[in-house]
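Structure, as structure tokens:
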Amino acid sequence: MATSSSRSIAMSRGLRRSLGGFTVLVLAVVYVPLLLVLINSFNTDNTFGWPPPGFTLHWWKVAAESSGARDALVTSVEVALCATAVALVLGTLAAMGLRRTRFFGRNAISLLIILPIALPGIVTGLAFQNGFRTILGVQLSIWTIVIAHATFCIVTVFNNVQARFQRLGASYEQASMDLGAGRWTTFRLITFPMLRSSLLAGALLSFGLSFDEIVVTTFTASSQDQTLPIWILQNLFRPNQAPVVNVVAAVLVIASAVPIYLAQRLSGSTAEGLTGAR
Amino acid sequence: MIDRRPGLRVGLLLTPPMLWLGVAYLGALAALLVTSLWTQNDFTGSIERAWTLENFRTLFTVDVYRTITLRTIGIAALVTVIDVVLAFPIALYMAKVASPRLQRILVISVLTPLWASYLVKAYAWRGMLSADGPIAWIARPFGLDTPGYGLPAVVITLSYLWLPYMILPVYAGLERLPDSLFEASADLGAGAWTTLRRVVFPMAFPAVVAGSIFTFSLSMGDYIAVKIVGGTGQLLGNVVYDNQGAANNLPFAAAVATVPIVVMLAYLTAVRRTGALENL
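Residue numbers (the numbering used here), protein chains in the order written: chain E, 3 to 280; chain G, 18 to 297.
What follows is the structure, given as structure tokens:
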């Protein structure tokens, strides 16, 4: 975030003010629906009439005892961890392979890495479902979800690692090799520590992406596998479950501050590669 | 040996990711196209591997599918335009007006909703737009009402969902523009609006296009937000989803899914020359 400190660029005061006002207004509107979810989790009216007739902690208690939500949460975390592990390995390998090399097909490979997030989720989801069931004859399970998720998570790791390589160059590694270290030693002592925070940022994004994913998941999950988003979707339209769903939603809104905090701690450069998120 | 043959080293590094993406993923996409040329036996429900263009004939000749296809592309375009209009001033303020401290706060406040669950945000709009929700409550004294659940609600919700995906690349693109460009333009006699129109917008265009890839593609494939706030309205994603699964017609779902693939590939090819893909 190294911008010049003088903010006196050629814009009139009025224009700058209106831009500021517009920004504040839109961002405020962005937070209104999220606040509504938080407030409604305490709403005594279980059809969420507005304004709320009263406030209660009852739904939070009910939600805390909901085993369906808890099991779904565990499944989601498991899937996200596995998908992230695969994405870390494949994304790093791809970034290292494409580093400092220009060969025919390099752009094609970059495009191929972006493709799973550039194509709509229904396409990726249906392609995997069709591939597993019709072509390979494999039953859908938690592992088919992991494979599908890992595919679109690779790009987050790849982007972060590639950005780090571009920023730091190769001189440290060359110095290490000149001093007699082998390839593996150089990777262990120089390249890996150099990449560590970008790997963490990529992993964080990948975890978030997988944890939140619903479209691809609905196509690649069997009817027994419930990730948290699938659980929410299935209970959304059941009137007696609506308040519990709303509490889970409120928890997720609050929890979204955690990755932001972690990302800030990591490097302070939150913008790096975060646009690759979905 | 690896040290003396860089080609071999690159090959070894790239083999695992290429097996995954190039063979498994592209293979699955290719198989999807192949499946769209098969049919389903109406009686047994099993897929018959006989070549036919029947699915595509249905897709192009039955009115309802043509309407849904055009509607989906239209909504994706509309959502993209709304997000550009909302995101550009915000990104400009963040990149070029806000102090470094405020800039940091704004980046965080744009990122936080991005991390809030997609479903929760769509669900939140269900609450906002409901017949006795806050929008109806605010609008009623003015003799207005909530738009309720339907296609306008889908446009609002999708624009809301994808707004950060537009703000962030445009912000990054504008931040890279040196301030001296603004000064040079002013020194040459251009007013603020002329500078924005003739200097800033053309230079930020690849970043806007990069953002539009997200907003357009995500809207093209959405079927969940439509289910949550769309009422009886349908998009292509709903047709795909309703036709997949054991009991339904997977070959037809595959044929419908080729529409977003073709549209997105055409879009990516068209924008490649702007350099947008490097801004992703």
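C-beta atoms are modelled at their ideal positions from N, C-alpha and C, and glycine is treated no differently.
Do the CB positions of residue i and residue j come within less than 8 angstroms of each other?
| i | j | result |
| --- | --- | --- |
| E/A205 | E/T86 | yes |
| G/A9 | E/L128 | The structure shown does not extend to residue 9 of chain G, since chain G is modelled only from 18 through 297, so no value can be given for it. |
| E/E175 | E/I147 | no |
| E/S212 | E/N162 | no |
| G/R179 | G/T212 | Residue identity differs from the one stated: residue 179 of chain G is Trp in this sequence, not Arg. Contact: no. |
| E/P35 | G/M145 | yes |
| E/L230 | E/A74 | yes |
| E/V39 | E/N242 | no |
| G/P223 | G/T291 | yes |
| E/S14 | G/A108 | no |
| E/V260 | E/A71 | no |
| E/A96 | G/L31 | yes |
| E/G133 | G/A139 | no |
| E/Q131 | E/F24 | no |
| G/M281 | E/A120 | yes |
| G/P106 | E/L238 | no |
| G/P151 | E/W52 | yes |
Based on Cα-Cα distance, which residue from the options lies nearest to residue i?
| i | options | result |
| --- | --- | --- |
| E/F44 | E/P35, E/P54, E/L36 | E/P54 |
| G/I85 | G/G238, G/V246, G/Y284 | G/G238 |
| E/V246 | E/N42, E/G23, E/L36 | E/N42 |
| E/S69 | E/T25, E/L264, E/Q228 | E/Q228 |
| E/F1 | E/A150, E/G107, E/V91 | The structure shown has nothing for residue 1 of chain E, since chain E only spans 3 to 280. |
| G/L194 | G/F218, G/V226, G/A203 | G/F218 |
| G/L235 | G/L30, G/L76, G/N266, G/L95 | G/L95 |
| G/T174 | G/A148, G/A115, G/A93 | G/A93 |
| E/M196 | E/A150, E/A120, E/M98 | E/M98 |
| E/S78 | E/V249, E/M179, E/S143, E/G56 | E/S143 |
| E/V159 | E/K63, E/Q141, E/G93, E/T136 | E/G93 |
| E/A82 | E/I149, E/Y263, E/L264, E/A177 | E/I149 |
| E/S208 | E/I115, E/S173, E/A177, E/C155 | E/C155 |
| G/V243 | G/V172, G/P277, G/Y82 | G/V172 |
| G/V256 | G/L29, G/L70, G/Y82 | G/Y82 |
| G/T52 | G/L267, G/P277, G/V280 | G/L267 |
| G/L191 | G/D259, G/Q120, G/Y284 | G/Q120 |
| G/G24 | E/G22, E/R101, E/Y33 | E/R101 |
| G/A104 | G/F73, G/A227, G/L54, G/P277 | G/A227 |
| E/S145 | E/E80, E/L202, E/T136 | In the sequence under discussion, the amino acid at residue 145 of chain E is Trp, which differs from the Ser named in the question. Among E/E80, E/L202, E/T136, the Cα nearest to that of E/W145 is on E/E80. |
| E/L37 | G/L285, G/A141, G/G150 | G/A141 |
| E/L113 | G/R22, G/N265, G/L38, G/T97 | G/L38 |
| G/T75 | G/V27, G/A153, G/F269 | G/F269 |
| E/W61 | E/D47, E/R135, E/M179 | E/D47 |
| G/L50 | E/I137, E/V64, E/R104, E/L27 | E/I137 |
| E/Q266 | G/L29, G/N72, G/I122 | G/I122 |
| E/S258 | G/I241, G/D162, G/I125 | G/I125 |
| E/I262 | E/V31, E/V76, E/G210 | E/G210 |
| E/A152 | E/I116, E/L181, E/R104, E/D180 | E/I116 |
| E/Y33 | G/S116, G/K113, G/G28, G/Y177 | G/Y177 |
Round the Cβ separation of residue i and residue j to the nearest angstrom and send it over; I've been treating them as touching at under 8 angstroms.
| i | j | result |
| --- | --- | --- |
| E/P118 | E/V157 | 7 angstroms |
| G/S229 | G/V102 | That pair is no contact at about 12 angstroms. |
| G/L198 | G/V225 | Actually they are not in contact, since the Cβ atoms of G/L198 and G/V225 sit about 17 angstroms apart, beyond 8 angstroms. |
| G/A148 | E/I124 | With 8 angstroms as the limit, G/A148 and E/I124 do not qualify as a contact, their Cβ atoms being about 30 angstroms apart. |
| E/Q141 | E/S224 | 7 angstroms |
Kindly indicate if chain B contains any beta-carbon less than 8 angstroms away from that of residue i.
| i | result |
| --- | --- |
| G/L31 | Looking at the structure shown, chain B is missing, and the protein chains on hand are E and G. |
Q: Taking 8 angstroms as the threshold, find out whether the region 214 to 223 of chain E comes into contact with the region 161 to 175 of chain E through three or more Cβ pairs.
A: These segments do not touch.
(Q) Contact between the region 84 to 99 of chain G and the region 245 to 252 of chain G is defined here as three or more beta-carbon pairs at a separation below 8 angstroms; is this criterion met? (A) Judged by Cβ distances under 8 angstroms, the region 84 to 99 of chain G makes contact with the region 245 to 252 of chain G, as three or more pairs qualify.
Q.
Can you confirm whether the region 180 to 190 of chain G touches the region 80 to 96 of chain E when touching is taken to mean that 3 or more C-beta pairs between the two stretches lie within less than 8 angstroms?
A. Under the three-pair Cβ rule at 8 angstroms, the region 80 to 96 of chain E does not count as touching the region 180 to 190 of chain G.
**Q.** Given 8 angstroms, three or more beta-carbon pairs between the region 242 to 254 of chain E and the region 179 to 190 of chain E
**A.** Contact annotation: the region 242 to 254 of chain E does not touch the region 179 to 190 of chain E, with fewer than three C-beta pairs closer than 8 angstroms.
Q: Give the residues from the region 85 to 115 of chain G that approach chain E closer than 8 angstroms (Cβ to any Cβ), ordered along the chain.
A: Within the region 85 to 115 of chain G, L103, P106, I107, L109, Y110, M111, A112, K113, V114, A115 place their CB atoms closer than 8 angstroms to a CB of chain E, listed in sequence order.
Q.
Does the structure place the region 231 to 243 of chain E close enough to the region 123 to 139 of chain G that three or more beta carbon pairs sit under 8 angstroms?
A. With the cut-off at 8 angstroms, the region 123 to 139 of chain G and the region 231 to 243 of chain E touch.
Q | contact_flag[the region 242 to 249 of chain G, the region 155 to 167 of chain G] where n(CB pairs < 8 angstroms) is 3 or more | A | Yes, since at least three Cβ pairs between the region 242 to 249 of chain G and the region 155 to 167 of chain G fall closer than 8 angstroms, the two stretches touch.
Q) Any residues in the region 169 to 184 of chain G with a beta carbon nearer than 8 angstroms to a beta carbon of chain E? Which ones, in chain order? A) Legend: CB atoms of the region 169 to 184 of chain G lying less than 8 angstroms from CB atoms of chain E belong to residues Y177, L180, Y182.
Q. Are the region 203 to 221 of chain G and the region 122 to 130 of chain G in contact at 8 angstroms, needing three or more beta carbon pairs?
A. Flag = no, the region 203 to 221 of chain G and the region 122 to 130 of chain G do not touch.
Q. Going along the chain, which residues of the region 259 to 292 of chain G sit with their C-beta nearer than 7 angstroms to a C-beta in chain E?
A. Per Cβ criterion, the list reads Q261, L267, A270, A271, A274, P277, I278, M281, L285.
Q | Against chain G: residues of the region 48 to 81 of chain E by CB proximity under 8 angstroms | A | So the list reads T49, F50, G51, W52, P53, given in the order they occur along the chain.
Q) Should the region 57 to 75 of chain G be called in touch with the region 98 to 117 of chain E, which here means at least 3 C-beta pairs below 8 angstroms? A) Judged by Cβ distances under 8 angstroms, the region 57 to 75 of chain G makes no contact with the region 98 to 117 of chain E, as fewer than three pairs qualify.
(Q) Along the region 130 to 161 of chain E, where does the CB come closer than 7 angstroms to a CB of chain G? Name the residues. (A) Cβ contacts with chain G: F130, Q131, N132, G133, T136, I137, T153, I156.
Q) What are the residues of the region 216 to 234 of chain E that lie near chain G, defined by any Cβ-Cβ distance shorter than 9 angstroms? A) Answer in chain order: I216, V217, T220, F221, L230, P231, I234.
Q | Under 7 angstroms (Cβ pairs) to chain G, residues found in the region 15 to 26 of chain E | A | The residues in question are L17, R18, L21, G22, F24, T25.
Q) Given a limit of 8 angstroms on CB to CB distance, which residues of the region 113 to 138 of chain G reach chain E? A) Within the region 113 to 138 of chain G, K113, V114, A115, S116, P117, Q120, R121, L123, V124, I125, S126, V127, L128, T129, P130, L131, W132, A133, S134, Y135, L136, V137, K138 place their CB atoms closer than 8 angstroms to a CB of chain E, listed in sequence order.
Q: Note down, in chain order, all residues in the region 145 to 166 of chain G with a beta-carbon under 8 angstroms from any beta-carbon belonging to chain E.
A: For the region 145 to 166 of chain G, which is checked against every Cβ of chain E, the residues closer than 8 angstroms are M145, S147, D149, G150, P151, A153, W154.
Q: Identify each residue in the region 95 to 116 of chain E for which the Cβ-Cβ distance to at least one residue of chain G is less than 8 angstroms, and report them in chain order.
A: Result list: L95, A96, M98, G99, L100, T103, F105, I111, S112, L113, L114, I115, I116.
Q: Pull out every residue of the region 46 to 60 of chain G whose Cβ sits closer than 8 angstroms to any Cβ of chain E, in chain order.
A: Among the residues of the region 46 to 60 of chain G, those with a Cβ less than 8 angstroms away from any Cβ of chain E are L46, A48, L49, T52, in the order of the chain.
Q. At a Cβ cut of 9 angstroms, what residues of the region 224 to 243 of chain G count as close to chain E, listed as they run along the chain?
A. Listed by position, the residues of the region 224 to 243 of chain G near chain E (Cβ gap below 9 angstroms) are A227, G228, I230, F231, S234, L235, S236, M237, G238, D239, Y240, I241.
Q: Could you list the residues in the region 234 to 254 of chain E with a C-beta less than 7 angstroms from some C-beta on chain G, going in chain order?
A: Within the region 234 to 254 of chain E, those residues whose Cβ lies closer than 7 angstroms to any Cβ of chain G are, in chain order, I234, L235, L238, A251, L254.
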